[in-house]
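Engineer: Take a look at this one; I'll ask things after.
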Amino acid sequence: MQNISVLITGIGGQGIILASDVLADAAMRTGWDVKKTDSIGMAQRGGSVISHVRMGDVVSSPLIPTGGADVLFGMEKLEAARHCHFLKPGGQAVINSYGAPPLTVATGAKKYPEDEAILSVVRERAGKVFFIDGLKKVSKLGNTRALNVFLLGALSVLLPLTEQVWQEALEAKLPSKIIQINLQAFSLGREEVKNAGIR
Amino acid sequence: MQDLQKISAGSKHLLSGNEAIALGAYHAGMKVATAYPGTPSTEILENIARFEGVYAEWSTNEKVALEIAMGASYTGVRCLCSMKHVGLNVAADSLLSASITGVNGGLVVVSADDPGMHSSQNEQDNRHYARLAKIPVIEPYDSQSAYDFMFLAFDISEKYDTPVLLRTTTRISHSKSLVCIKGLSEVGARRASFTPNPEKYVMLPAFARKRHEVIENRILELREYAQNTPLNQVLKGTGSMGIIANGIAFQYAKEVFPDAAVLRLGMTYPLSEQLVREFADSVEKLIAIEELDPFIEEMVRGMGIEVSGKDFIPITGELSPEIVASSAKKAGLLEDVESEEPACRAELPLRPPSLCPGCPHRGLFYALGKTPRRIKKVTSAPTKPTAGGLVITGDIGCYTLGAYKPLNGLDTCACMGASIGHALGMEKAGVTDKLVAVIGDSTFMHSGLTALANAVYNQSQITIVILDNMTTAMTGHQGHPATGISAGGKKTQAVNLENAVRGIGVDEVVVLDAFDIKALREAVARATESDKLSVIIVRGECAPLRARSFACRVVDTSVCTRCNTCFKLACPAIQYKDGNVYIDPELCAGDNCGLCDQVCPVGAIGVFDEAVKE
């Protein structure tokens, strides 16, 4: 098989590392070679976080080259746009519509880009963009903490991994007391992309 | 965190390089592990601290850590000492001493280098230490090799009576890949016992002269070992080009040149000339792909073998598949493939790191920035020299972020503990500015104590601020001597900072609440106008460690004059929204902080009823 590369972006505190751990675990359970690498930098909370996940028969570099990602998975929309050059021309993007203003925007020095501006940057690279209001959808479950798993559910539709391995990976990586709500969030996310309009 | 100790032999797991190093060392029979936290090395000891039957500690600094590992090694048990690259500068004295005495139980020193400076103040290639100390250096290229190489590293250490340097990098330490587990080796049952052997362990000149000859012979024997060690592998390929690569650069080489022959070096010092020459003879063109310095390349060239590498691969920064590819294209080694970057990306606003909402360091920087001396210094810099201002020398930790605007709270930052020395140097050179050194609690324990003794002894008049957030925050909240919490999370004896400072001989010592702006401003004003050596301990628990407060601050927009004073705090929660000042309740630290309502000149910020209801 051709290797599959997924780039996950967002900000500290969104559960990106957990999301990429679950994806990598699901790939391992499928019997593939897998590598993942995270770039966290100096941020405790609120800084830019990137995770590269690559899977296939044999994976060499854990870092995805520019133009090498099959899917861009953005949990914060500005960070998704910032890293869209990793996407293969014509690749797919799943982007959460949540926006967290960086300090440069918060102080009024810079403007947070409009949705259309962000999407036009992403579309320079992406063939398909799923732009989802994850926070709104997941709040139906009464717990916004499962947002990362909801978005993983949305991502899962685009990857050739079975629901079975996803469920096993989630059960392996999440504490048992929050597993039920996360499995629900995962299903909701799947439905979202299956039924979704593409932007 | 995954419980690595439960992992059984024969199973396969997705592990980070650091987890693999920890588990490999444990399975190889390590009994003592020491470290000082530092990105990207921290998780090695964090994982080891959870293993039963292993003594693991956060040491005061890397030098102390390595000396403890040496002492334990002398008793015959296997020991590991881990640190980030700059930590080995601190421990260099001990490393060279460990080289000359040699070991008894295996001693592996892990240096985690940070090419690209993801979280470091410099970029350095610690393989040079191996050559300086005349010891072998081993470099894993993924998590499996990190695990496997630990067994070999301990064996080599004992067989050749040498400390072994295991060098990893951020990308190896922080990447996860699959690892097949061998399980616990037989070594474990050793008992610690020390047999005096002055000619080996007491480095008086007469004994050390003999030991120098021993270590020169040792490196010759290791050079022979390098020829056939399983650490080094030739991977056959097609085509005329051959690549010598190590560590993560090997993976990028495979990605960019999947069919080329590769000499993958797991031991990059010493090199076997025969091994390299045989490989070079089997190819028409030889290139070396390595991150940072041309360490391998220069040794190969020194053998009289033609090789290229750093003439087209960057010497600075972290490599990546596209950097290797684009460098190779420029050198004519790859066909040119067009790749265009999305054009509008450059216009997106940046997201620089900042102090967390509720950070206990923020108030002090705000108070320093409000002093007339500091305002004078900041507004005149960098256009003209000023006298009688306030210079703030800084140190290594989260508070280094205080250097960014609008806090403008640091003028220097170099290495652990240097804030105090820098201030003393400027004072002794004769500047007329008041000097304040800002240092964190963990950094003060690491390298500040001796500098403070120097300040007392040499009659300094500077002010030293210890930002005491009661943890080693930047690396992810590890204990240190003043926290009284061990690496295993147990309560232990805490060093009392104020007693230590007074004991060294400082008379002017105050301890302040990090969130009391009035007290901070008064103390700073007093200290900066005094000619006595003083220490201000600013105490407040690190924000992410505190229970969440829901008493979020809100802005009464009918009162707010948009004077922007609150923005001087550089709090990520304070923002502009629809033309008004707004505090993001998801980010606000509430009653854990409350700095913004203290600094607001018109009382527009507070906890209002609506917010409480929400």
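Residue numbers (the working numbering), protein chains in the order written: chain Y, 1 to 199; chain E, 1001 to 1614. Each residue gets a CB set at the ideal place from its N, CA and C atoms; glycine is no exception.
With 8 Å set as the bound, which would you pick, yes or no: does the beta-carbon of Lys177/Y sit closer than that to a beta-carbon of chain E?
Structural biologist: So, not an interface residue.
Engineer: Which partner residues of Leu1220/E appear in the DSSP bridge assignment?
Structural biologist: In the DSSP output, where bridge partners are listed per residue, Leu1220/E has none listed.
Engineer: Is there a Cβ from chain E that is less than 8 Å from the Cβ of Pro160/Y?
Structural biologist: By this cut-off, Pro160/Y is not an interface position.
Engineer: Along the chain, where does the beta strand (DSSP E) that runs through Val1164/E open and close?
Structural biologist: Note, Val1164/E: beta strand (DSSP E), Val1164 to Thr1169.
Engineer: Assuming Thr1565/E contacts Cys1600/E (C-beta within less than 8 Å), just tell me the rounded distance between them.
Structural biologist: So it is a contact: roughly 6 Å between Cβ atoms.
Engineer: In chain order, what residues of the same chain lie with their CB nearer than 6 Å to the CB of Asn1469/E, ignoring the 5 residues before and after it?
Structural biologist: Same-chain partners within the cutoff: Pro1360 and Cys1542.
Engineer: Below 8 Å, how does it come out for the segment 1212 to 1228 of chain E and the segment 1242 to 1254 of chain E: are there three or more Cβ pairs, yes or no?
Structural biologist: Counting Cβ pairs under 8 Å, fewer than three are found: no touch.
Engineer: Along the beta strand (DSSP E) that carries Val1032/E, what are the first and last residues, could you check?
Structural biologist: Met1030 to Ala1035 is the span of the beta strand (DSSP E), which, as asked, contains Val1032/E.
Engineer: CA-CA distance, Ala1092/E and Cys1415/E?
Structural biologist: Using only the alpha carbons, I get a separation of about 15 Å.
Engineer: Residues in its own chain within less than 8 Å of Ser1320/E by CB, not counting five upstream and five downstream?
Structural biologist: Around Ser1320/E: Tyr1252.
Engineer: Which residues mark the beginning and the end of the alpha helix (DSSP H) in which Val165/Y is found?
Structural biologist: Element bounds for Val165/Y: Glu163 to Lys173.
Engineer: Taking Ile1044/E and Val1086/E to be in contact with their CB atoms under 8 Å, please state how far apart those CB atoms are, rounded to whole angstroms.
Structural biologist: Actually they are not in contact, since the Cβ atoms of Ile1044/E and Val1086/E sit about 16 Å apart, beyond 8 Å.
Engineer: Quick one: does the C-beta of Arg1131/E sit closer than 7 Å to a heavy atom of the ligand SAH?
Structural biologist: Looking at this structure, you won't find the ligand SAH or any other ligand, since it has none at all.
Engineer: Please state whether DSSP places Tyr1141/E in a helix, a strand or coil.
Structural biologist: In the structure shown, Tyr1141/E sits in coil (DSSP, three-state: anything other than H, G, I, E or B).
Engineer: Do Asn96/Y and Ala146/Y come within 8 Å of each other at the CB atom, strictly closer than that value?
Structural biologist: Cβ atoms of Ala146/Y and Asn96/Y: not closer than 8 Å.
Engineer: With a threshold of 7 Å on Cβ separation, who are the neighbours of Asn143/Y within its own chain once the five nearest residues in sequence on each side are excluded?
Structural biologist: Contacts found: Ile181.
Engineer: For Ala27/Y, which option in Thr9/Y, Asp57/Y, Asn195/Y and Ile11/Y has the closest C-alpha, if you only look at C-alpha atoms?
Structural biologist: That would be Asp57/Y, whose Cα lies nearest to the Cα of Ala27/Y.
Engineer: According to the Cβ coordinates, are Gly10/Y and Glu79/Y closer than 8 Å?
Structural biologist: It is a contact, given that the beta carbons lie within the stated cut-off.
Engineer: Given a cut-off of 8 Å on the beta-carbon distance, is the pair Arg1374/E and Gly1389/E in contact?
Structural biologist: Yes. Within cutoff.
Engineer: Any Cβ of chain E within less than 8 Å of the Cβ of Lys77/Y?
Structural biologist: No, no contact with chain E.
Engineer: Measuring only between beta-carbons, confirm whether Met28/Y sits less than 8 Å from chain E.
Structural biologist: So, interface residue.
Engineer: Could you name the residues of the same chain whose beta carbon sits closer than 8 Å to that of Thr1557/E, not counting the 5 residues immediately before and after it, in chain order?
Structural biologist: Result list for Thr1557/E: Asn1580, Val1581 and Ala1604, in chain order.
Engineer: Given 8 Å as the limit, is there contact between the segment 1584 to 1591 of chain E and the segment 1499 to 1511 of chain E, that is, 3 or more CB pairs closer than that?
Structural biologist: With the cut-off at 8 Å, the segment 1584 to 1591 of chain E and the segment 1499 to 1511 of chain E do not touch.
Engineer: How far does the alpha helix (DSSP H) with Arg1539/E in it reach, from first residue to last?
Structural biologist: Careful: Arg1539/E lies outside any alpha helix (DSSP H), inside the beta strand (DSSP E) at Ser1534 to Arg1539.
Engineer: Any residues in the segment 1240 to 1272 of chain E with a beta carbon nearer than 9 Å to a beta carbon of chain Y? Which ones, in chain order?
Structural biologist: Residues passing the 9 Å Cβ filter: Ile1248, Phe1250, Gln1251, Tyr1252, Ala1253, Lys1254, Glu1255, Val1256 and Pro1258.
Engineer: Would you say the segment 1560 to 1575 of chain E touches the segment 93 to 113 of chain Y, given that touching needs at least three Cβ pairs under 8 Å?
Structural biologist: Contact between the segment 1560 to 1575 of chain E and the segment 93 to 113 of chain Y is present, because at least three Cβ pairs lie under 8 Å.
Engineer: Which of the residues in the segment 1166 to 1192 of chain E, read from start to end, lie with their CB under 7 Å from any CB of chain Y?
Structural biologist: For the segment 1166 to 1192 of chain E, which is checked against every Cβ of chain Y, the residues closer than 7 Å are Arg1171, His1174, Ser1175, Lys1176, Ser1177 and Leu1178.
Engineer: Strictly by DSSP, which residues pair up with Met1474/E?
Structural biologist: Beta-bridge pairing links Met1474/E to no other residue.
Engineer: Is Ser1447/E close to chain Y? Criterion is C-beta to C-beta, closer than 8 Å.
Structural biologist: Cβ-Cβ to chain Y under 8 Å: no for Ser1447/E.
Engineer: So, Gly1183/E versus Ala1009/E, is the Cβ gap smaller than 8 Å?
Structural biologist: Contact flag set, yes.
Engineer: Looking at chain Y, is there any beta carbon in it that lies within less than 8 Å of the beta carbon of Ile1439/E?
Structural biologist: So no, Ile1439/E is outside the interface.
Engineer: For Tyr112/Y, would you say it is in contact with chain E, using Cβ-to-Cβ distances shorter than 8 Å as the test?
Structural biologist: Cβ-Cβ to chain E under 8 Å: yes for Tyr112/Y.
Engineer: Got a sec? Which residues, its chain only, sit under 6 Å from Ser176/Y by beta carbon, not counting five neighbours each side?
Structural biologist: Hits under 6 Å: none found.
Engineer: If you compare alpha carbons, which of Asp1259/E, Met1070/E, Met1303/E and Ala1437/E is closest to Gln1274/E?
Structural biologist: If we check each option's Cα against that of Gln1274/E, Met1303/E comes out closest.
Engineer: According to DSSP, simplified to helix, strand and coil, what is Leu1355/E?
Structural biologist: Here Leu1355/E sits in coil by DSSP.
Engineer: Please state the DSSP three-state secondary structure of Val1108/E.
Structural biologist: Note: Val1108/E maps to strand in three-state DSSP.
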